[in-house]
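Input: a single structure, listed below in structure tokens.
2 protein chains.
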Amino acid sequence: MMRTRPLKVALLGCGVVGSEVTRIMTTHTDDLTQRIGAPVELVGIAVRRPDRVREGVPAELITTDATALVKRDDVDVVVEVIGGIEPARSLITTAFEHGASVVSANKALLAQDGAALHAAAEQHGVDLYYEAAVAGAIPLVRPLRESLAGDKVNRVLGIVNGTTNFILDKMDSSGAGYSEALDEATALGYAEADPTADVEGFDAAAKAAILAGIAFHTRVRLDDVYREGMTEVTAADFASAKQMGCTIKLLAICERAADGRSVTARVHPAMIPLTHPLASVRGAYNAVFIEAEAAGQLMFYGPGAGGAPTASAVLGDIVAVCRNKVAEATGPGESAYTRLPVSTMGEVVTRYHISLDVADKPGVLAQVATVFAEHGVSIDTVRQQGKDGEASLVVVTHRAADAALSATVEALRKLDTVRGVASIMRVEGE
Amino acid sequence: MMRTRPLKVALLGCGVVGSEVTRIMTTHTDDLTQRIGAPVELVGIAVRRPDRVREGVPAELITTDATALVKRDDVDVVVEVIGGIEPARSLITTAFEHGASVVSANKALLAQDGAALHAAAEQHGVDLYYEAAVAGAIPLVRPLRESLAGDKVNRVLGIVNGTTNFILDKMDSSGAGYSEALDEATALGYAEADPTADVEGFDAAAKAAILAGIAFHTRVRLDDVYREGMTEVTAADFASAKQMGCTIKLLAICERAADGRSVTARVHPAMIPLTHPLASVRGAYNAVFIEAEAAGQLMFYGPGAGGAPTASAVLGDIVAVCRNKVAEATGPGESAYTRLPVSTMGEVVTRYHISLDVADKPGVLAQVATVFAEHGVSIDTVRQQGKDGEASLVVVTHRAADAALSATVEALRKLDTVRGVASIMRVEGE
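First to last, the protein sequences are chains R and H.
Final position of the first sequence in full-length UniProt numbering is 430; the numbers increase by one with none missing.
Final position of the second sequence in full-length UniProt numbering is 430; the numbers increase by one with none missing.
Structure (structure tokens):
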């Protein structure tokens with residue numbers, strides 16, 4: 001039953017992920033052949049710097065001409081692990097035009113141009129798979145696209161960036177400040193020299209866009225995702241979180257509105273209860289919590305980055321698209337039929353934890369409470385603490401629209417008796 | 001692009017899972033149509049008791065003639081949620097013969113006759129999908145068969161039975177004994193009137209056989225799985241576990257031997273460290289921890305049983321096999337090419353926690369230590385406690401073959417100074 005013509009795979013990029021993909025493809029060839037139902041062969045690896053030493057990578061496969069490689073009509077599958085928008089996008093499009101299916105780990109490209117790429121794949125009757133683009137080795141795209149295909153997903157709540165989780169976990173466990181924790185993450189190789197994409201939430205926002213699109217069967221682009229980084233989280237915020245039985249995580253949150261007629265996607269730091277399964281996700285690990293109508297609450301946990309875990313996800317997709325090639329079929333493509341609009345952050349319903357420095361005199365609480373009432377925001381708990389003529393007031397609200405909550409904070413800032421807003425943090429996962 | 005002839009689905013069984021499958025298929029028809037790429041229609045529901053009131057189930061679909069239903073040549077997909085070996089096996093086989101793909105939630109049947117059923121499906125060019133057979137709504141079969149298809153799984157460690165996890169969690173948190181915790185589980189509907197299949201580990205053993213087969217690409221039958229129930233776990237065992245920083249879980253453990261030349265599958269209670277992600281799985285939840293060469297450590301968590309969660313998994317499979325029908329293809333079938341033999345429990349490498357009641361006199365520890373040494377079992381820690389002329393000795397071993405460990409325990413029982421073996425428990429997850 002086994003076909004004998006080998007499936008030919010071309011690899012674009014040979015960094016930490018690409019070299020691990022090469023290692024597995026060249027050392028586990030028999031297993032891959034059995035699992036695909038046909039032999040599989042790596043026929044070329046496009047790199048920018050051909051002279052770099054790459055242990056275990058066959059030198060005869062290396063080329064600098066990526067375009068010529070994806071134009072080869074005998075290539076069945078192109079694996080793109082270059083990252084970034086160009087030349088990745090052009091190379092993938094050219095691969096489609098020449099009949100190749102594509103496996104990509106490129107979250108930025110998929111979050112920005114997923115719709116056009118899916119359309120191009122469908123037009124040419126080939127596959128576009130990208131399990132590795134979200135949370136490394138953790139199966140998420142496939143469970144959402146396939147396992148939950150008969151269910152209705154209402155919420156996705158995830159820790160999808162290992163760098164920021166490492167930093168926040170460090171701040172939580174050691175009481176360190178942000179800079180100190182970032183320095184340790186950099187020293188240990190968890191943070192890049194320029195950590196902007198991670199700490200400002202850009203990386204997580206791209207993943208949120210991809211997850212929201214798959215979960216709700218609609219189109220969500222990177223621009224649709226509200227984004228706040230975690231560089232302003234302080235040791236004092238962690239102390240406040242502890243008093244509430246919470247910790248702080250940078251969360252990617254994708255939600256269907258209560259009326260079912262729109263969706264939202266956002267990335268920001270938030271307090272979550274210590275009893276929530278995401279609270280105990282340590283170090284650079286990732287985890288994604290999914291709430292679906294019939295399935296209930298599911299969680300997927302594992303290493304969200306790194307060469308070997310990402311290569312595992314890429315290889316799973318290579319096996320899948322190769323099987324499809326053997327069967328002369330394609331897997332599920334983009335599913336965006338619900339066309340649900342993406343609402344703005346102001347419409348998101350959430351809770352705020354607000355810490356105010358106030359004058360220590362009678363009537364302050366009444367003034368503050370009036371401001372909340374005027375904005376239609378209901379207060380859950382208030383805690384007052386006096387210290388040398390000054391006092392602090394910690395307010396946790398009930399659920400309200402983010403626009404109303406942020407307008408409340410702006411109004412509080414204008415009160416004479418409010419000396420300053422020490423911290424504002426959303427509360428999620430309850 | 002949408003085909004117009006509807007895919008026809010026949011349902012066998014209409015208990016808690018079947019009626020939820022019916023509810024979703026009849027109320028979420030438009031979503032299913034969009035996700036499949038063709039309309040889908042429920043054309044018949046075979047039940048034993050047609051007169052039973054089933055809210056929301058269209059009466060005109062009910063039939064008592066299951067055989068006639070699966071013989072209908074216009075049926076594309078048969079969904080089997082009857083359970084048990086017969087008549088499920090004959091009905092599935094007949095469905096294959098008439099060209100239908102099958103979605104089954106039947107762990108007992110798949111663990112016993114999976115190989116023959118997979119062969120029959122392949123012979124007739126149809127699919128056999130069974131995500132719901134293992135751990136309800138938690139995607140496990142698909143991640144193992146597809147997401148990790150390019151990786152090498154070395155270990156699967158899971159809590160795959162909600163009833164026993166509820167009981168053990170209750171014993172842990174309240175100090176209750178087994179009987180008391182079982183009574184509560186029964187009162188709350190988590191345990192059946194006859195809890196044997198759950199508490200004696202039969203249910204978990206069937207799931208272990210299925211998981212081991214998929215994970216290691218070999219055939220593992222129910223008979224190959226070593227099984228110990230959890231009815232003899234005591235409050236004293238939990239107290240010992242706590243002293244070690246552990247809790248006790250009923251685990252399904254599937255492992256590849258260190259030399260890679262055999263596999264094992266087993267179900268038994270075991271101590272696991274509180275720091276292990278499985279330790280915090282509460283109540284009736286299930287979770288499965290997977291260790292793979294490239295992916296590293298992954299965990300999947302969710303509701304392991306119940307009508308709606310199981311229906312979610314069944315529906316995901318219905319969408320998948322319907323898509324395959326539309327594409328005139330089949331998904332991945334059985335993958336048992338490694339033909340790795342299944343070793344016996346004696347060959348499993350594990351650690352023992354042994355609690356002995358001994359005479360409180362000098363030389364006892366030396367005697368006991370000699371017995372361990374004679375069996376080649378190395379001791380990790382020993383704790384001695386005296387109490388009124390008697391003493392207890394708690395020994396935790398290093399890793400050794402289970403046969404050597406159990407022979408050690410037998411030899412200890414024969415020592416004059418050993419009054420009794422108070423408890424023996426394996427230690428896992430380190």
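Glycine included, C-beta positions come from ideal geometry on N, C-alpha and C.
Discussion item. Taking CB distances under 8 Å as the criterion, tell me whether Ala308/H reaches chain R.
Written reply: Within the second sequence, numbered from 1, the residue matching residue 308/H stands at position 308. Yes, because at least one Cβ of chain R sits closer than 8 Å to the Cβ of Ala308/H.
Worksheet item: Anyone know if the C-beta pair for Ile354/H and Val314/H falls short of 8 Å?
Response: Against the second sequence, residue 354/H aligns to sequence position 354. Against the second sequence, residue 314/H aligns to sequence position 314. It is not a contact, given that the beta carbons lie outside the stated cut-off.
Practice prompt. Using a Cβ cut-off of 8 Å (strictly closer), state whether Val321/R contacts chain H.
Written response: Here residue 321/R corresponds to residue number 321 of the first sequence, with the count starting at 1. No, because no Cβ of chain H sits closer than 8 Å to the Cβ of Val321/R.
Item to complete: Within its chain, find whatever has a CB closer than 7 Å to the CB of Ser164/R; leave out the 5 residues flanking it on each side and keep chain order.
Response: For the purposes of this step, residue 164/R is taken as the residue at position 164 of the first sequence. According to the sequence provided, residue 164/R is Thr. The question's Ser does not apply to it. Result list for Thr164/R: Asp198, Val199, Met230, Leu250, in chain order.
Worksheet item: Which first and last residues belong to the alpha helix (DSSP H) in which Arg266/H is found?
Response: Residue mapping note: residue 266/H aligns to position 266 of the second sequence, counting from 1. It is not in any alpha helix (DSSP H) - Arg266/H instead sits in the beta strand (DSSP E) that spans 263 to 273.
Fill in: Leu298/H at chain R interface by Cβ criterion, 8 Å
As a first step, residue 298/H is located in the second sequence; it is residue number 298 there, counting from the start. Yes, Leu298/H counts as interfacial toward chain R.
Worksheet entry | Contact list for Tyr190/H against chain R, beta-carbon separation under 9 Å | Position 190 of the second sequence holds residue 190/H. None at all; the shortest Cβ gap to chain R is about 15 Å.
Worksheet item: What does Leu148/H touch in chain R if you count any residue whose Cβ is under 8 Å from its own?
Response: Within the second sequence, the letter at position 148 stands for residue 148/H. Within 8 Å Cβ-Cβ: Pro139, Ser312, Gly316.
Discussion item. What does the alpha-carbon distance come out to for the pair Ile24/R and Pro139/R?
Written reply: Taking the first sequence and counting its residues from 1, the one referred to as residue 24/R is at position 24. Taking the first sequence and counting its residues from 1, the one referred to as residue 139/R is at position 139. Their backbone Cα atoms lie some 19 Å apart in a straight line.
Worksheet item: Of all the options Ala95/R, Gly429/R, Ala115/R, Ala111/R, which has the alpha carbon lying nearest to the alpha carbon of Ser280/R?
Response: Residue mapping note: residue 280/R aligns to position 280 of the first sequence, counting from 1. Checked all of Ala95/R, Gly429/R, Ala115/R, Ala111/R; the closest Cα to Ser280/R is Gly429/R.
Worksheet item: From Ala239/H to Val321/H, what does the alpha carbon distance come to, in whole angstroms?
Response: Taking the first residue of the second sequence as position 1, residue 239/H is located at position 239. Taking the first residue of the second sequence as position 1, residue 321/H is located at position 321. Each residue's Cα considered, the two are about 49 Å apart.
Worksheet entry | Val57/H versus Val9/H: straight-line alpha-carbon distance, rounded | Here residue 57/H corresponds to residue number 57 of the second sequence, with the count starting at 1. Here residue 9/H corresponds to residue number 9 of the second sequence, with the count starting at 1. Between Val57/H and Val9/H, the C-alpha separation is close to 15 Å.
Worksheet item: For Val174/H, does the count of other Cβ atoms within 10 angstroms reach 16, so buried, or fall short, so exposed?
Response: Counting from one through the second sequence, the residue named residue 174/H turns up at place 174. Correcting the residue type first, residue 174/H is Ser in the shown sequence and not Val. Burial call: exposed.
Practice prompt. For Tyr337/H, count neighbouring Cβ atoms within 10 angstroms of its own Cβ and tell me buried if that reaches 16, exposed if not.
Written response: Mapped onto the second sequence, residue 337/H falls at position 337. Tyr337/H should be labelled exposed.
Item to complete: Would you list the residues sitting across from Ile210/R in a DSSP beta bridge?
Response: Locating residue 210/R in the first sequence gives position 210, counting from the first residue. In the DSSP output, where bridge partners are listed per residue, Ile210/R has none listed.
Worksheet item: For chain H, is any of its Cβ atoms less than 8 Å away from the one on Gly376/R?
Response: Stepping through the first sequence from its first residue, residue 376/R is reached at position 376. Not one chain H Cβ lies under 8 Å of Gly376/R.
Worksheet item: For Glu55/H and chain R, any beta-carbon pair shorter than 8 Å?
Response: Position 55 of the second sequence, counted from the first residue, corresponds to residue 55/H. Closer than 8 Å: no.
Worksheet item: With Ala252/H and Val153/H assumed to form a contact (beta carbons below 8 Å), what rounded beta-carbon distance in angstroms separates them?
Response: In the second sequence, the residue the question calls residue 252/H occupies position 252. In the second sequence, the residue the question calls residue 153/H occupies position 153. With 8 Å as the limit, Ala252/H and Val153/H do not qualify as a contact, their Cβ atoms being about 14 Å apart.
Item to complete: Tell me, please, whether the CB atom of Ser173/H is closer than 8 Å to any CB atom in chain R?
Response: Here residue 173/H is taken as the residue at index 173 of the second sequence, counted from 1. So no, Ser173/H is outside the interface.
Practice prompt. Quick one: using the 10 Å Cβ neighbour count with 16 as the cut-off for buried, is Val371/H buried or exposed?
Written response: For the purposes of this step, residue 371/H is taken as the residue at position 371 of the second sequence. Classification of Val371/H: buried, given that the 10 Å Cβ count is 16 or more.
Item to complete: Could you check what DSSP says for Cys322/R in three-state terms: helix, strand or coil?
Response: Stepping through the first sequence from its first residue, residue 322/R is reached at position 322. Helix, per DSSP.
Worksheet entry | Listed by chain order, chain R residues near residue 433/H by CB distance under 8 Å | Since the first residue shown for chain H is 1 and the last is 430, residue 433/H is missing from the structure and cannot be characterised.
Worksheet entry | Of the listed residues Arg155/H, Ala132/H, Ala284/H, nearest to Ser312/H (C-alpha basis) | As a working note, residue 312/H is residue 312 in the second sequence. Considering only alpha carbons, the answer is Ala132/H.
Worksheet entry | Continuous beta strand (DSSP E) stretch holding residue 451/H: start and end | This structure leaves residue 451/H out entirely; chain H is present only between 1 and 430.
Worksheet item: Around the C-beta of Ile85/R, are 16 or more other C-beta atoms found within 10 angstroms, so that it is buried, or is it exposed?
Response: Translated into the one-based positions of the first sequence, residue 85/R becomes position 85. By the 10 Å Cβ count, Ile85/R comes out exposed.
Worksheet item: What number of angstroms, rounded off, separates the C-alpha of Val156/H from the C-alpha of Ala258/H?
Response: Within the second sequence, numbered from 1, the residue matching residue 156/H stands at position 156. Within the second sequence, numbered from 1, the residue matching residue 258/H stands at position 258. Each residue's Cα considered, the two are about 14 Å apart.
Worksheet item: In this structure, what does DSSP give as the bridge partners for His353/H?
Response: Within the second sequence, numbered from 1, the residue matching residue 353/H stands at position 353. In the DSSP output, where bridge partners are listed per residue, His353/H has Val396/H, Met425/H.
Worksheet item: Which of the residues in the region 264 to 286 of chain R, read from start to end, lie with their CB under 8 Å from any CB of chain H?
Response: Pro277, Ser280
Discussion item. With a threshold of 8 Å between beta-carbons, can Arg35/H be considered close to chain R, or not?
Written reply: Here the question's residue 35/H lines up with position 35 in the second sequence. Yes, its Cβ sits closer than 8 Å to a Cβ of chain R.
Practice prompt. Evaluate Lys414/H with the Cβ neighbour count: other Cβ atoms within 10 Å of its Cβ, from every protein chain shown; 16 or more gives buried, anything less gives exposed.
Written response: Taking the first residue of the second sequence as position 1, residue 414/H is located at position 414. Flag for Lys414/H reads exposed.
Worksheet item: What is the rounded straight-line gap between the Cα of Glu122/R and the Cα of Asp31/H?
Response: Numbered from 1 along the first sequence, position 122 holds the residue referred to as residue 122/R. Numbered from 1 along the second sequence, position 31 holds the residue referred to as residue 31/H. Each residue's Cα considered, the two are about 20 Å apart.
Practice prompt. For Pro362/R, go through chain H and note every residue whose CB falls closer than 7 Å to its CB, in chain order.
Written response: On the first sequence, position 362 is the one that residue 362/R refers to. Residues of chain H passing the Cβ test: none, with the nearest at roughly 45 Å.
Discussion item. Measuring CB atoms only, is the region 179 to 186 of chain R touching the region 262 to 281 of chain R, in the sense that at least three cross pairs come out at less than 8 Å?
Written reply: no
Discussion item. What would DSSP say about residue 497/R, mapped onto helix, strand or coil?
Written reply: A query on residue 497/R cannot be resolved here, the shown segment of chain R reaching from 1 to 430 and no further.
Fill in: Ser104/R - partner residues in DSSP beta bridges
Here residue 104/R is taken as the residue at index 104 of the first sequence, counted from 1. DSSP lists Glu80/R as partners of Ser104/R.
Worksheet item: Do Ala219/H and Ala205/H have their CB atoms nearer than 8 Å?
Response: Reading the second sequence from its first residue, position 219 is the one you call residue 219/H. Reading the second sequence from its first residue, position 205 is the one you call residue 205/H. For the sequence presented, residue 219/H should be read as Arg rather than Ala. Result no, Cβ atoms of Arg219/H and Ala205/H do not sit closer than 8 Å.
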